[in-house]
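2 protein chains.
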Amino acid sequence: MSRLLKQQQALLPAPAHELAEQMAEAGYKVTQPRLAVLRAAVALDKAFTVHELEQWLLERNESPGIASIFRTVKLLCDLELFQRIHGLEDCHRYSISGGHAHHLICVSCGALKSFDNCGLRDLITTLEQQTGYHINDHVLELFGHCPRCLTV
Amino acid sequence: MSRLLKQQQALLPAPAHELAEQMAEAGYKVTQPRLAVLRAAVALDKAFTVHELEQWLLERNESPGIASIFRTVKLLCDLELFQRIHGLEDCHRYSISGGHAHHLICVSCGALKSFDNCGLRDLITTLEQQTGYHINDHVLELFGHCPRCLTV
DNA sequence: GGTAGTGTTGATACAATATCTCAATATATG
DNA sequence: CATATATTGAGATATTGTATCAACACTACC
Ligand SMILES: [Zn+2]
Ligand SMILES: [Zn+2]
Ligand SMILES: [Zn+2]
Ligand SMILES: [Zn+2]
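First to last, the protein sequences are chains B and A.
Quick note on this note's numbering: the first sequence kicks off at 1 and runs consecutively.
Quick note on this note's numbering: the second sequence kicks off at 1001 and runs consecutively.
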């Protein structure tokens, strides 16, 4: 990693720093376009679209090419550092949250809470017995309004 | 409705017939393009993409314009006769299932079982208390392998 | 039966999201 | 620093749709 990037990285808020480290550990280079995407994702602090990432970066004149933004988001999803969220209307949002997390998403402002324990084991067992299917994955996302949007 | 369409409709398998009736009750005309989409959806008997609908229809030389296929699928989703299914990778599948159904989908062949009772009420109540969010919608889809694909 | 009014269609243009190609560039390593 | 490799960015392409609009098809009324 170049000296420049080391300096920049030291200034990052902890989450982006950690994400960058995990990219490096996985054998990927921590480049400026990738760092920029991490910074944007951390700063947005919600369930974001690629377009929102791009806008955040454009406003700060540090936007990589759109292809690199998409590539970075995809890479981070593959590394399970980002997660793709299937929404009600658009199904093109992403969040910083690894592995098997579910989300509670404000449909008004995009604010997001993650949780792990979805308590679907009983349902899944019952359905497997009833249908003969083997279930090995699921999507669960909840939508509503966050406390702040409720008071406005 | 013309005599021709009445005759055709009488030959349809029951589900397409019922769907057509519900379209008519909602004030929409039961036209040949729309009937073709219904027939394709019933025949496919799984979670289908618009492309799969089009292929099925093209193979039988009765495909309406692609715009009409999309329009019909959208209309049927709005009428809650079809449902859009958010998949793991692609989120562009549809099924014949109204209202608040969830699905158990074979990732190998697309075979699909629907169910209503998702038993999320307790989880939702707990999360609302913990977070202050008001939850008013959710997406839940299960993925795995159907009995047939398990034996192959 | 003709005519006006409305809903529907299909071809095409357009849009949004995302991937592919490939020459140019940046990065990590020795 | 030199080298090998990974990555980037511009633009073409793909996929999944939606918007436009003239032509068409029912419907109701005359
Ligand atoms: Zn989706
Ligand atoms: Zn909110
Ligand atoms: Zn199967
Ligand atoms: Zn449910």
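We treat Cβ as the ideally placed atom computed from N, Cα and C, and that holds for glycine.
> Quick one: Cα of valine 1050 of chain A to Cα of tyrosine 1094 of chain A, how far?
Replying inline: Taking the first residue of the second sequence as position 1, residue 1050 of chain A is located at position 50. Taking the first residue of the second sequence as position 1, residue 1094 of chain A is located at position 94. When the Cα atoms are used, valine 1050 of chain A and tyrosine 1094 of chain A turn out to be separated by approximately 8 Å.
>> On a Cα-Cα basis, can you pick out the residue from B/Phe143, B/His134 and B/Leu142 that is closest to glycine 1144 of chain A?
In response: In the second sequence, the residue the question calls residue 1144 of chain A occupies position 144. With distances taken between Cα atoms, glycine 1144 of chain A lies closest to B/His134.
>> Assuming contact is defined by CB atoms lying nearer than 8 Å, are phenylalanine 1115 of chain A and histidine 1102 of chain A in contact in what I supplied?
In response: Position 115 of the second sequence holds residue 1115 of chain A. Position 102 of the second sequence holds residue 1102 of chain A. The Cβ atoms of phenylalanine 1115 of chain A and histidine 1102 of chain A lie closer than 8 Å to each other.
> Which residues mark the beginning and the end of the alpha helix (DSSP H) in which phenylalanine 1070 of chain A is found?
Replying inline: Indexing the second sequence from 1 puts residue 1070 of chain A at position 70. It spans 1066-1078 - the alpha helix (DSSP H) in which phenylalanine 1070 of chain A sits, taken as one unbroken run.
> Since histidine 134 of chain B is in the beta strand (DSSP E), which residue starts that stretch and which ends it?
Replying inline: Walking along the first sequence from the start, residue 134 of chain B turns up at place 134. From DSSP, the beta strand (DSSP E) with histidine 134 of chain B extends over 134-145.
> How many angstroms separate the CA atom of glutamate 54 of chain B from the CA atom of leucine 81 of chain B?
Replying inline: Start at 1 with the first residue of the first sequence, and residue 54 of chain B comes out as number 54. Start at 1 with the first residue of the first sequence, and residue 81 of chain B comes out as number 81. Each residue's Cα considered, the two are about 19 Å apart.
> Using a Cβ-Cβ distance under 8 Å, would asparagine 136 of chain B count as near chain A?
Replying inline: Residue 136 of chain B sits at position 136 when you count from the first residue of the first sequence. So yes, asparagine 136 of chain B belongs to the interface.
> Terminal residues of the continuous beta strand (DSSP E) containing histidine 102 of chain B?
Replying inline: As a position in the first sequence, residue 102 of chain B is number 102, starting the count at 1. For histidine 102 of chain B, the enclosing beta strand (DSSP E) begins and ends at 102-106.
> Apart from the five residues just before and just after isoleucine 124 of chain B, which ones in its own chain have a Cβ nearer than 6 Å to its Cβ?
Replying inline: Translated into positions along the first sequence, residue 124 of chain B becomes position 124. Ile135.
> Is histidine 1086 of chain A near ligand 1, judged by its Cβ being under 7 Å from some heavy atom?
Replying inline: The residue given as residue 1086 of chain A occupies position 86 in the second sequence. Histidine 1086 of chain A Cβ: within cutoff of ligand 1.
> Cα-Cα, which of B/Pro33, B/Cys77, B/Ala24 and B/Ala47 is closest to leucine 57 of chain B?
Replying inline: On the first sequence, residue 57 of chain B is found 57 positions in, with the first residue counted as 1. Restricting attention to B/Pro33, B/Cys77, B/Ala24 and B/Ala47, the CA atom closest to the CA of leucine 57 of chain B is found in B/Pro33.
>> Which residues in chain A have a C-beta closer than 7 Å to the C-beta of glutamate 141 of chain B? List them in chain order.
In response: Residue 141 of chain B sits at position 141 when you count from the first residue of the first sequence. Neighbourhood of glutamate 141 of chain B in chain A, by CB distance below 7 Å: His1138 and Val1139, in chain order.
>> Going by the DSSP bridge assignment, what does serine 114 of chain B pair with across the sheet?
In response: Numbered from 1 along the first sequence, position 114 holds the residue referred to as residue 114 of chain B. In the DSSP assignment, serine 114 of chain B forms a beta bridge with B/His103.
>> Below 7 Å, is the gap between the Cβ of cysteine 91 of chain B and the nearest heavy atom of ligand 1?
In response: Against the first sequence, residue 91 of chain B aligns to sequence position 91. Yes.
>> Cβ closer than 8 Å: which chain A residues qualify as neighbours of proline 147 of chain B?
In response: Your numbering for residue 147 of chain B matches position 147 in the first sequence. Per Cβ cutoff of 8 Å: Thr1131, Gly1132 and Tyr1133.
>> Please list, in chain order, the chain A residues whose beta carbon lies closer than 8 Å to that of isoleucine 124 of chain B.
In response: In the first sequence, counting from the first residue as 1, residue 124 of chain B sits at position 124. Within chain A, the residues near isoleucine 124 of chain B are Leu1142.
> In chain A, which residues lie with their C-beta within 7 Å of the C-beta of glycine 119 of chain B?
Replying inline: The residue given as residue 119 of chain B occupies position 119 in the first sequence. Under the 7 Å cutoff, chain A gives Leu1123.
>> Quick check on this structure: which residue in A/Glu1025, A/Glu1021 and A/Asp1045 has the alpha carbon closest to the alpha carbon of leucine 1035 of chain A?
In response: Position 35 of the second sequence, counting from 1, holds the residue named residue 1035 of chain A. Distances from the CA of leucine 1035 of chain A to each of A/Glu1025, A/Glu1021 and A/Asp1045 were compared; the closest alpha carbon is that of A/Glu1021.
> Name the chain A residues whose beta carbon is nearer than 9 Å to that of lysine 113 of chain B?
Replying inline: As a first step, residue 113 of chain B is located in the first sequence; it is residue number 113 there, counting from the start. Listed by position along chain A, the residues whose Cβ is nearer than 9 Å to that of lysine 113 of chain B are Leu1127, Gln1130, Thr1131 and Tyr1133.
> How is the alpha helix (DSSP H) around arginine 1039 of chain A delimited, first residue to last?
Replying inline: On the second sequence, residue 1039 of chain A is found 39 positions in, with the first residue counted as 1. Unbroken alpha helix (DSSP H) run through arginine 1039 of chain A: 1032-1044.
> Mind checking if histidine 51 of chain B is an interface residue toward chain A, Cβ cutoff 8 Å exclusive?
Replying inline: As a first step, residue 51 of chain B must be located in the first sequence, where it is residue number 51. With 8 Å as the cut-off, histidine 51 of chain B does not count as an interface residue toward chain A.
> Who are glutamine 1083 of chain A's beta bridge partners in DSSP?
Replying inline: Reading the second sequence from its first residue, position 83 is the one you call residue 1083 of chain A. Answer is A/Ser1095.
> Which residues have a Cβ closer than 7 Å to any heavy atom of ligand 4, listed in chain order?
Replying inline: My final list is A/His1100, A/His1102, A/Cys1118, A/Leu1120, A/His1138 and A/Leu1140.
> Would you say alanine 111 of chain B touches ligand 2, meaning its beta carbon is less than 7 Å from a heavy atom?
Replying inline: Residue numbering aside, residue 111 of chain B sits at position 111 when the first sequence is read from its first letter. Correct: alanine 111 of chain B has its Cβ closer than 7 Å to ligand 2.
> Within the present structure, is the beta-carbon of cysteine 149 of chain B separated from the nearest heavy atom of ligand 3 by less than 7 Å?
Replying inline: Residue numbering aside, residue 149 of chain B sits at position 149 when the first sequence is read from its first letter. Taking the Cβ of cysteine 149 of chain B as the reference point, every heavy atom of ligand 3 lies at 7 Å or farther away.
>> Beta carbons nearer than 8 Å to chain A: which residues of the region 91-103 of chain B have them?
In response: Taking 8 Å as the cut-off between beta carbons, the residues of the region 91-103 of chain B near chain A are Cys91, in sequence order.
> Distance, Cα to Cα, alanine 41 of chain B vs serine 97 of chain B?
Replying inline: Position 41 of the first sequence, counted from the first residue, corresponds to residue 41 of chain B. Position 97 of the first sequence, counted from the first residue, corresponds to residue 97 of chain B. Near 11 Å, if we compare the C-alpha coordinates of serine 97 of chain B and alanine 41 of chain B.
>> Rounded to the nearest angstrom, what separates aspartate 1078 of chain A and glutamate 62 of chain B at their Cα positions?
In response: One-based indexing of the second sequence puts residue 1078 of chain A at position 78. One-based indexing of the first sequence puts residue 62 of chain B at position 62. Here the alpha carbons of glutamate 62 of chain B and aspartate 1078 of chain A stand approximately 41 Å from one another.
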